[in-house]
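K.L.:
For the record, the sequence lines run as chains A and B. Take the first sequence: its position 204, counting from 1, is numbered 204 in this note's numbering, and each next residue is one higher. All you need for this note's numbering is the position in the second sequence, starting with 1, plus 212.
2 protein chains.
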Amino acid sequence: MDLYFSPLACSLGSRIALYEAGADARFYRVDSRQKRVVDDGADYLKINPLGLVPALRTEAGDVLTENAAILQFIAARFPEAALAPTDALGRTRMQQWLCFIGMELHKSLFVPLLDEKAPEEVKRYALDKQISRLDYLASHLANREFLLDRFSVADGYLAAVLGWSIATSLELEQWPALTAYLARLRQRPSVAKAWAEERALYAEELERRAKV
Amino acid sequence: MDLYFSPLACSLGSRIALYEAGADARFYRVDSRQKRVVDDGADYLKINPLGLVPALRTEAGDVLTENAAILQFIAARFPEAALAPTDALGRTRMQQWLCFIGMELHKSLFVPLLDEKAPEEVKRYALDKQISRLDYLASHLANREFLLDRFSVADGYLAAVLGWSIATSLELEQWPALTAYLARLRQRPSVAKAWAEERALYAEELERRAKV
Chain A
1 MDLYFSPLAC
11 SLGSRIALYE
21 AGADARFYRV
31 DSRQKRVVDD
41 GADYLKINPL
51 GLVPALRTEA
61 GDVLTENAAI
71 LQFIAARFPE
81 AALAPTDALG
91 RTRMQQWLCF
101 IGMELHKSLF
111 VPLLDEKAPE
121 EVKRYALDKQ
131 ISRLDYLASH
141 LANREFLLDR
151 FSVADGYLAA
161 VLGWSIATSL
171 ELEQWPALTA
181 YLARLRQRPS
191 VAKAWAEERA
201 LYAEELERRA
211 KV
Chain B
213 MDLYFSPLAC
223 SLGSRIALYE
233 AGADARFYRV
243 DSRQKRVVDD
253 GADYLKINPL
263 GLVPALRTEA
273 GDVLTENAAI
283 LQFIAARFPE
293 AALAPTDALG
303 RTRMQQWLCF
313 IGMELHKSLF
323 VPLLDEKAPE
333 EVKRYALDKQ
343 ISRLDYLASH
353 LANREFLLDR
363 FSVADGYLAA
373 VLGWSIATSL
383 ELEQWPALTA
393 YLARLRQRPS
403 VAKAWAEERA
413 LYAEELERRA
423 KV
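#1: I'd like the span of the alpha helix (DSSP H) that includes VAL323(B), first residue to last.
#2: Can you name the start and end residues of the beta strand (DSSP E) that VAL63(A) belongs to?
#3: Under 7 angstroms, CB to CB, which of the residues in the stretch 40-62 of chain A have a partner in chain B?
#4: With a 10 Å radius around its C-beta and 16 neighbouring C-beta atoms as the bar for buried, classify GLU278(B) as buried or exposed.
#5: Tell me TYR216(B)'s beta-bridge partners as DSSP assigns them.
#6: Using Cβ-Cβ distances below 7 angstroms, what residues of the stretch 331-347 of chain B are close to chain A?
#7: Can you name, in chain order, every residue of its own chain whose Cβ lies under 8 angstroms from the Cβ of ARG305(B), other than the five neighbours on each side?
#8: For ASP255(B), does the three-state DSSP call read helix, strand or coil?
#9: What is the DSSP secondary structure of VAL38(A), reduced to helix, strand or coil?
#10: For LEU12(A), which of ARG208(A), GLU173(A), TRP195(A), TYR202(A) has the nearest alpha-carbon?
#11: Under 8 angstroms: do the stretch 236-253 of chain B and the stretch 53-72 of chain A share three or more Cβ pairs, one atom per stretch?
#12: With a threshold of 16 other CB atoms inside 10 Å of the CB of ASP299(B), please say whether the residue is buried or exposed.
#13: Can you tell me whether GLU145(A) is helix, strand or coil according to DSSP?
#14: With distances taken between CB atoms, is the gap from LEU230(B) to ALA237(B) smaller than 8 angstroms?
#15: Name the chain A residues whose beta carbon is nearer than 9 angstroms to that of LYS423(B)?
#16: Looking at the secondary structure, which residues open and close the alpha helix (DSSP H) in which ILE504(B) lies?
#17: How would you call ILE16(A), buried or exposed, if buried means at least 16 neighbouring beta carbons within 10 angstroms?
#18: Using 8 angstroms as the limit for Cβ to Cβ distance, is MET1(A) near chain B?
#19: Taking CB distances under 8 angstroms as the criterion, tell me whether LEU304(B) reaches chain A.
#20: Taking C-beta pairs closer than 7 angstroms, name the residues in chain A that THR277(B) reaches, listed in chain order.
#21: Would you say GLN284(B) reaches chain A, if we count a Cβ-Cβ gap shorter than 8 angstroms as a contact?
#22: Here's the rule I'm using: 16 or more other beta-carbon atoms within 10 Å means buried, otherwise exposed. How should GLU292(B) be labelled?
#23: With LEU321(B) and ARG336(B) assumed to form a contact (beta carbons below 8 angstroms), what rounded beta-carbon distance in angstroms separates them?
#24: Short check: CB of LEU114(A) to CB of THR168(A), under 8 angstroms?
#25: For PRO189(A), is the classification buried or exposed, using 16 other Cβ atoms within 10 angstroms of its Cβ as the cut-off for buried?
#26: Would you mind giving the Cβ-Cβ distance between SER364(B) and LEU295(B), rounded to the nearest angstrom? I have them listed as a contact below 8 angstroms.
#27: Evaluate contact between the stretch 349-358 of chain B and the stretch 381-401 of chain B, counting only Cβ atoms and requiring at least three cross-stretch pairs below 8 angstroms.
#28: Provide the residue span of the alpha helix (DSSP H) that contains GLU197(A), from first to last.
#29: For SER14(A), count neighbouring Cβ atoms within 10 angstroms of its own Cβ and tell me buried if that reaches 16, exposed if not.
#30: In angstroms with no decimal places, state the Cα-to-Cα distance between LEU162(A) and ALA254(B).
#31: Roughly how many whole angstroms lie between the Cα atoms of GLU333(B) and ALA160(A)?
#32: What is the C-beta distance between ALA23(A) and PHE78(A), in whole angstroms, given that I count them as a contact (C-beta under 8 angstroms)?
#33: Who are the near neighbours of ALA350(B) in its chain, counting only those whose CB is closer than 7 angstroms to its CB and skipping five residues on each side?
#34: Can you name, in chain order, every residue of its own chain whose Cβ lies under 6 angstroms from the Cβ of LEU370(B), other than the five neighbours on each side?
#35: Which same chain residues end up closer than 7 angstroms to ALA338(B) when comparing Cβ atoms and leaving out the 5 residues on each side of it in sequence?
#36: For PRO85(A), name the three-state secondary structure that DSSP assigns.
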């Protein structure tokens, strides 16, 4: 399988899932500004016309997009890794969390906060509207190790998204349950490895941009 | 099953799915401003702490939230209605569309456009960033009847979301493939019935608000 990613983007969640599964995967870095695959300069818009990472090319050659869909595909492809519940209610609970992370945190809160070009008013609107989502999440995680009863692909996605707070005006320390959750997850081998690798790639990228 | 909904909110998609399935369901209207169940005045935040519709109480008494998760639950609960693909790739393709509708259209485009309290700058940011998503969707739907090869719960969700354009500055007529798709779907009995019922309830609501 081939995963198209950008360092520390939400595709980090897909990388974590692949590591958890012990999948045989190659990783292709995408320059998210130029919409090019870094290694060979290929036009990424031909792989995903939306220009978003991740995209996953399966062993059968199909190209999948949208992080939450890819995460569930990986979980189903490697059932022995037990990365998702398989009963109807458990599957729905995981989908609930994937929706919450994707819609309430990723798109509605962090995209505007991380966007250097977003006007202050846009950032303020996102914060006013969405900050209560972090309260809700923190109260859910206060006495739990994971979002569900055990690790699932939703935790990998959430680890990626919460990690973005450091690049925003959000002080995650306001929610000790969230910082503790993130610290615990970063002790997990798959997360630790993925995070260290992408952090290094991201630092490289910042350095390169600074030189331009 | 009990569906908690607000007229013409994204919960319309869940109602359509229940009609398609011929499910035995009751429908409880939620006042989305007061966060109360209209019939009995119950505190809706005790049902869904996020205050969002839909929520679905299953026959077993579990309360499910997040539209895309509920839609997939309904599809799995009523397999004879064939509301979702059951093969791995087909399931992923449907999840891709559910993510796209939820993240790119619902949350990133329509929530700010529909929000009466959102500053103009916030609406402009949403339009600038997301309008290309409608081009992408229109090119996908240009020669197709449905998002996938046949009707799925994702079409019900998309019908609900595209219907919101009438209350915004978006002129859906710019994308003939989208208006044609929406018109086709509204001919479908489940969609026609759900849409007519909720449109009437919404008109009632507007009238009530105008009197206050």
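Even for Gly, the Cβ is constructed at its ideal location relative to N, Cα and C. Every value quoted in this text rests on a predicted model; they were computed, and no experiment measured them.
P.N.:
By the coordinates alone:
#1: For the purposes of this step, residue 323(B) is identified with residue 111 of the second sequence, where counting begins at 1. It spans 323-326 - the alpha helix (DSSP H) in which VAL323(B) sits, taken as one unbroken run.
#2: Within the first sequence, the letter at position 63 stands for residue 63(A). VAL63(A) -> beta strand (DSSP E) spans 63-65.
#3: PRO49, LEU50, ASP62
#4: Start at 1 with the first residue of the second sequence, and residue 278(B) comes out as number 66. GLU278(B) should be labelled buried.
#5: Taking the second sequence and counting its residues from 1, the one referred to as residue 216(B) is at position 4. Note: TYR216(B) sits in a beta bridge opposite TYR240(B), ALA267(B).
#6: PRO331, GLU333, VAL334, TYR337
#7: For this step, residue 305(B) is matched to residue 93 along the second sequence. Here the set comprises PRO297, LEU360.
#8: For the purposes of this step, residue 255(B) is taken as residue 43 along the second sequence, with counting starting at 1. Strand, per DSSP.
#9: Taking the first residue of the first sequence as position 1, residue 38(A) is located at position 38. DSSP places VAL38(A) in coil when its eight states are reduced to three.
#10: Translated into the one-based positions of the first sequence, residue 12(A) becomes position 12. Here the closest residue by C-alpha is TRP195(A).
#11: no
#12: Counting from 1 along the second sequence, the entry for residue 299(B) is found at position 87. With fewer than 16 other Cβ atoms within 10 Å, it is exposed.
#13: Within the first sequence, numbered from 1, the residue matching residue 145(A) stands at position 145. Looking at GLU145(A) - three-state DSSP - the assignment turns out to be coil, as it is neither helix nor strand.
#14: As a first step, residue 230(B) must be located in the second sequence, where it is residue number 18. As a first step, residue 237(B) must be located in the second sequence, where it is residue number 25. Contact: yes.
#15: One-based indexing of the second sequence puts residue 423(B) at position 211. Going along chain A, no residue has its Cβ under 9 angstroms from LYS423(B), so there is no contact; the nearest lies around 28 angstroms.
#16: Residue 504(B) cannot be examined here, being either before or after the span of chain B that is shown, 213 to 424.
#17: For the purposes of this step, residue 16(A) is identified with residue 16 of the first sequence, where counting begins at 1. ILE16(A) is buried by the Cβ-count criterion.
#18: Translated into positions along the first sequence, residue 1(A) becomes position 1. For MET1(A), the answer is no, since every Cβ of chain B falls outside 8 angstroms of its Cβ.
#19: The residue given as residue 304(B) occupies position 92 in the second sequence. Sequence check: residue 304(B) is Thr here, not Leu. Closer than 8 angstroms to some Cβ of chain A, the Cβ of THR304(B) qualifies, so yes.
#20: Start at 1 with the first residue of the second sequence, and residue 277(B) comes out as number 65. Residues of chain A passing the Cβ test: GLN96.
#21: Within the second sequence, residue 284(B) is the residue found at index 72, counting from 1. It does; some Cβ of chain A falls within 8 angstroms.
#22: What you label residue 292(B) is simply residue 80 of the second sequence in a count that begins at 1. Flag for GLU292(B) reads exposed.
#23: In the second sequence, residue 321(B) corresponds to position 109, counting from 1. In the second sequence, residue 336(B) corresponds to position 124, counting from 1. Not really, about 12 angstroms apart at Cβ, beyond 8 angstroms.
#24: Counting from one through the first sequence, the residue named residue 114(A) turns up at place 114. Counting from one through the first sequence, the residue named residue 168(A) turns up at place 168. Yes, Cβ-Cβ distance for LEU114(A) and THR168(A) is below 8 angstroms.
#25: Taking the first sequence and counting its residues from 1, the one referred to as residue 189(A) is at position 189. PRO189(A) should be labelled exposed.
#26: Against the second sequence, residue 364(B) aligns to sequence position 152. Against the second sequence, residue 295(B) aligns to sequence position 83. That pair is a contact at about 6 angstroms.
#27: yes
#28: For the purposes of this step, residue 197(A) is identified with residue 197 of the first sequence, where counting begins at 1. Unbroken alpha helix (DSSP H) run through GLU197(A): 189-211.
#29: Here residue 14(A) refers to the residue found at position 14 when the first sequence is read from its first residue. Buried is the call here.
#30: Residue mapping note: residue 162(A) aligns to position 162 of the first sequence, counting from 1. Residue mapping note: residue 254(B) aligns to position 42 of the second sequence, counting from 1. Going from the Cα of LEU162(A) to the Cα of ALA254(B) covers about 34 angstroms.
#31: Residue numbering aside, residue 333(B) sits at position 121 when the second sequence is read from its first letter. Residue numbering aside, residue 160(A) sits at position 160 when the first sequence is read from its first letter. Rounded to whole angstroms, GLU333(B) to ALA160(A) spans 29 angstroms at the Cα level.
#32: Indexing the first sequence from 1 puts residue 23(A) at position 23. Indexing the first sequence from 1 puts residue 78(A) at position 78. Correct: roughly 6 angstroms between the Cβ atoms.
#33: Counting from 1 along the second sequence, the entry for residue 350(B) is found at position 138. Same-chain partners within the cutoff: TRP387, ALA389, LEU390.
#34: Residue 370(B) sits at position 158 when you count from the first residue of the second sequence. Here the set comprises ILE313.
#35: Reading the second sequence from its first residue, position 126 is the one you call residue 338(B). Closer than 7 angstroms at Cβ, skipping near neighbours: SER320, LEU321, PRO324, LEU325.
#36: For the purposes of this step, residue 85(A) is taken as residue 85 along the first sequence, with counting starting at 1. Coil.
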